[in-house]
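Protein chains in written order, with my numbering: chain Y, 1276 to 1532; chain X, 10 to 557. All residues carry an ideal CB built from backbone N, CA and C; glycine is no exception. Only a predicted model underlies this, so the values are computations on that prediction, with no experimental measurement involved. See structure below.
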Amino acid sequence: MNKSRQIVIEKPKNNTKKSKNGKLKTGEVEVFIMGKSYKVPAGLTIMKALEFAGYRFIRGCGCRAGFCGACSTVYRIEDEQKLGFDLACQKVVEDKMYLVQLPFVPASKAEYDIEKLEPSDITLITMYPEIARCVSCNTCTKSCPQDIEVMKYIQCAIRGDIAKCAEISFDCIQCGLCAMRCPADIKHYHVSQLARRLRGKYIDPKSNNLAKRLKEIEDRKYDNEIDGLIKMEKKEITELYKKRKIEAEEAVAQGGD
Amino acid sequence: MKLIDGYPEYMLKSIALVEQKRKRNMSHPVKPMSMKEREENLSKYHPDYMDGTRRKLRLGADKGKEFYNGIADLLEARLVLNANDVDLSKIDYDVDILIIGGGGAGTVAALFAYESGIACDKILIVTKLRHGDANSMMAQGGIQAADRPQDSPALHYLDIYGGGHFTNKPELARALALDAPGIIKWHEELGVMYDRQDDGEFQELSGGGTCRNRMHSAKDYTGMELLRNIRDNARNLELPVLEFCPIVELLMDNKGKVAGGVAFNLETFEYYVIRAKATILATGGSGRLHLSNYPTTNHYGATGDGLVMAYHVGANLRDLDTIQIHPTGDAYPEPIVGILSTEKIRGLGAIPVNANGDPFVFPLEPRDVESAAFIKECKEGHGIITPTGMPGVWLDTPMIDIIHGEGTCALKLSGEVRKFKRFDIDMAKHPILVYPTLHYQNGGVEINEKTETKIPGLFAAGEVTGGVHGKNRLMGNSLLDYNVFGRRAGIYAAKYVKKVKIGKLTLSHLDKYKKMIEQAGIDSKKTAPILLPEYRGEKAISRALDIF
């Protein structure tokens, strides 16, 4: 943190503040949900704290495991300068935390037919010209709950480096916090979605094994064998199943990977 | 409590034993169980075999069949919708195909219905949460497809069928195995970034119960990478999606066909009448019912609604006497209890060990067998008990970097690494604590290879269906399932709507069902479908008033 910017007069640390809602019991913390004080057990995630307080989610709650991006949120601890960014289903509450819900991110997506695009240097900037307005403020990166280097991948997109943009952005859960904070109105997560599709479709080399297998299936090479398995008596197929060689077991036995 | 590297001291003592024995454990693997050992373990330690977890259903198409208590509760519950409250003379949406569910199966079905000639504005996806808030998005480890020369669709079939204890519908297992390579090809065309070798071949790992390495993955975000590509395609086509509008009951016509559904807007409390020539049920699973009191890996909306509405129109269900508990749910720290740690961790070579650092099971048994072994180990007192009383065994994740080189965890399991890092745990340096968690609904609405249910006009695909996996699903076959059968549902429903005529709409099946409940002498306090689980604090609920 940049200490020179901290001009707030520090309050004595040992003087624990009294709760605005009566005394806290051991193991409790006070949180402010949309500004209202609630006491909740320490150790709960933001999501579970809201539920404990009596909220029943419709929006702002999806997979509850950090994959869907429905519960991305901002928070601020009382008297702290910095705004925090995280997923409500993953972040544990702290005392005097101010909590909100961000139910929706308005961010327009380019529409395209992936079959008709080319993975050229200008594809991304053509579909999303606003990326050229990036002022390199890095706010997007700071607001990413996945700790992705968002600004860096936008710079890759500007340069036309689709493969790198796709690689850096891969863990994006499309929560939209980057787009909400961007002073240049970039829709980062839509840009990187396109980059990843272009890379997967046009840039990464393809599998020969897959092509061969598809031809075999088309030629109905396995139909008889599978029909034979289907017609087998249970005892017979159970024997066959028991006796099949397990590749993973053999690899361990050979000490390979 | 003082924590070092995220763990309390007593757990670190156990970790020290794990570290001491790591080298030996890596070179002395536990052998897979024989079929007899599997059966013994399952019968003693898996909830599917315990007394009191299931009961006989008292009404409907499957009367007398045994289902898990929580499922039977739903099917015997009072109906949440009153037919008299719905005006069927005003149609809000009139479409060819209604797709219920905005996860993987639903979105794939929509894309292939479009490919099969149905206009975009004649397709409607309705979904309870947002488009893509689904278990499909959360799947991590991978998707199976037999495409290596040393593998074959027949071997894949054998794994599916044996893993399902030979109870699968063979024609569905065959479709799953034979369609798989074509699905991977479709993903390539969409632009899915699968993990590949330099020569373009897929990096393929082993999964529990698979005899060949055929797990295709995209780091540990495989489900997310697949669905965001698929969804992006749907968005480019502007396929209509109604979010936060779950279907609460199906509509029928006077000829006994399913003909759409009644949607409920969760935010305005309005209902919408949706008339459709064909309806595809793609509502996913039911982890949020917490069957047998397990925590779950599932998304917030996984409440088994599809089973309820399909049963109300007379469709039959199967294999709901089993649940899939995934062996490696997180047991520590408390905020992530029940969340999944992917099977790919074991696919990459991590071995489960007990409190003394000793291995006790082959790491890649089918999920039910592996889970039973974990439960046994803990019941016999060889597990670790967390500060909140949760039992668990170690999954020795540092083995991964030892086997494959430093940085492998960070690269191939970035999601997992990120999850534990929040709690100061470095899974490349220290093992993680795991215990089985409720993961998947093995059974569901019975379909055939055209995804038709028993009731004309009602198709189904994905986790809501039964028969594909029999009584136990293997890793990597659910992502495959929603693609294979989502695609088939889109294609066959598109074919069906070209010749079908819908008669007069009715909800009379609800009254019939209510009579059945009465005649069976059931007086349930519960209502169904439940739409969303109730997680509010007890105090808040106990003082809630219903006056606004």
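Next on the checklist: Check whether chain X comes within 8 Å of Y:T1348, counting only Cβ atoms and requiring the distance to be less than that.
Outcome noted: no
Next on the checklist: One question on the structure: do Y:D1388 and X:N245 come within less than 8 Å of each other, judged by their Cβ atoms?
Outcome noted: yes
Checklist entry - Start and end of the beta strand (DSSP E) containing X:S380? => result First-last for X:S380: R376 to K388, but that is the alpha helix (DSSP H), not the beta strand (DSSP E).
Item to check | Exposure of X:L489, with buried meaning 16 or more beta-carbon neighbours within 10 Å | outcome: buried
Checklist entry - Nearest CA to the CA of X:D168: which residue from X:Q206, X:V454 and X:P375? => result X:P375
Checklist entry - What are the complete alpha helix (DSSP H) segments, minimum 4 residues, inside the segment 68 to 107 of chain X? => result 78 to 84
Checklist entry - Who are the neighbours of Y:D1460 on chain X, taking C-beta pairs under 9 Å? => result Correct list: empty, because the minimum Cβ distance to chain X is about 20 Å.
Next on the checklist: I'd like to know if the segment 472 to 481 of chain X and the segment 165 to 184 of chain X are in contact, where contact means that at least 3 CB-CB pairs between them fall below 8 Å.
Outcome noted: yes
Item to check | Chain-ordered residues of the segment 1321 to 1354 of chain Y with a beta carbon less than 8 Å from chain X | outcome: K1323, E1326, F1327, A1328, G1329, Y1330, R1331, F1332, I1333, R1334, C1336, G1337, C1338, R1339, A1340, G1341, F1342, C1343 and A1345
Checklist entry - When DSSP labels each residue in this structure, what does X:Y505 get in the three-state scheme? => result helix
Checklist entry - Out of X:K548, X:T219, X:Q149 and X:L329, which has the shortest C-alpha to C-alpha gap to Y:P1343? => result A small fix is needed here, since residue 1343 of chain Y is Cys in this sequence, not Pro. Among X:K548, X:T219, X:Q149 and X:L329, the Cα nearest to that of Y:C1343 belongs to X:Q149.
Next on the checklist: By alpha-carbon positions, which one of X:M146, X:L88 and X:T292 ends up nearest to X:K535?
Outcome noted: X:L88
Next on the checklist: Does X:Y303 pass the burial test, meaning 16 or more other C-beta atoms within 10 Å, or should it be called exposed?
Outcome noted: buried
Next on the checklist: Among the candidates X:K65, X:Y16, X:V370 and X:E198, whose CA atom is the shortest distance from the CA of X:P38?
Outcome noted: X:V370
Item to check | Nonlocal neighbours in the same chain, by C-beta distance under 7 Å from Y:V1306, ignoring five residues either side | outcome: Y1313, V1315, A1324, V1368, M1372 and L1374
Checklist entry - Any idea which residues DSSP pairs X:W195 with across the strands? => result X:W195 is not bridged to any residue.
Checklist entry - Taking C-beta to C-beta, are X:I384 and X:Y54 nearer than 8 Å? => result yes
Checklist entry - For X:A537 versus X:L68, is the C-beta distance shorter than 8 Å? => result no
Checklist entry - Would X:I354 count as contacting chain Y if we go by Cβ distances under 8 Å? => result no
Checklist entry - Which chain X residues sit within Cβ distance under 7 Å of Y:N1484? => result D156, R157, P158 and E210
Checklist entry - Given a threshold of 16 other Cβ atoms within 10 Å of its Cβ, counted over all protein chains shown, does Y:K1245 qualify as buried or as exposed? => result One cannot answer for residue 1245 of chain Y here, as it falls past the ends of chain Y, which runs 1276 to 1532.
Item to check | Neighbour list for Y:K1481 in chain X, Cβ cutoff strictly below 7 Å | outcome: E197 and G209
Next on the checklist: Beta-carbon within less than 6 Å of X:G15's beta-carbon, same chain only, minus the 5 sequence neighbours each way: which residues are those?
Outcome noted: F432, D433 and I434
Checklist entry - Is DSSP giving X:Q153 helix, strand or coil here? => result strand
Item to check | X:L541, DSSP secondary structure in three states | outcome: coil
Next on the checklist: I want to verify the contact list: residues of chain X whose CB lies under 9 Å from the CB of Y:E1386, in sequence order.
Outcome noted: R244, N245, L246 and E247
Next on the checklist: Pop quiz: X:L290 and X:G310 are said to be a contact at Cβ under 8 Å. What is the actual Cβ separation, rounded to whole angstroms?
Outcome noted: That pair is no contact at about 14 Å.
Item to check | Spatial distance of X:T288 from X:E247 (CA atoms) | outcome: 20 Å
Checklist entry - In three-state terms, what does DSSP make of X:M525? => result helix
Item to check | Cα-Cα separation, X:G111 to Y:R1334 | outcome: 15 Å
Checklist entry - In angstroms, rounded to a whole number, what distance separates the CA positions of Y:E1351 and Y:C1409? => result The displayed chain sequence assigns Arg, not Glu, to residue 1351 of chain Y. About 26 Å.
Checklist entry - Hey, is the segment 266 to 281 of chain X in contact with the segment 102 to 111 of chain X, meaning 3+ C-beta pairs nearer than 8 Å? => result yes
Checklist entry - From the beta carbon of Y:Q1449, is the nearest beta carbon of chain X less than 8 Å away? => result yes
Checklist entry - In the DSSP assignment, what are the bridge partners of X:D433? => result Paired residue(s): none; X:D433 is not in a bridge.
Checklist entry - Touching or not, the segment 222 to 242 of chain X and the segment 145 to 164 of chain X, by the rule of three or more beta carbon pairs under 8 Å? => result yes
Item to check | Residue-chain proximity (Y:V1367, chain X), Cβ-Cβ < 8 Å | outcome: yes
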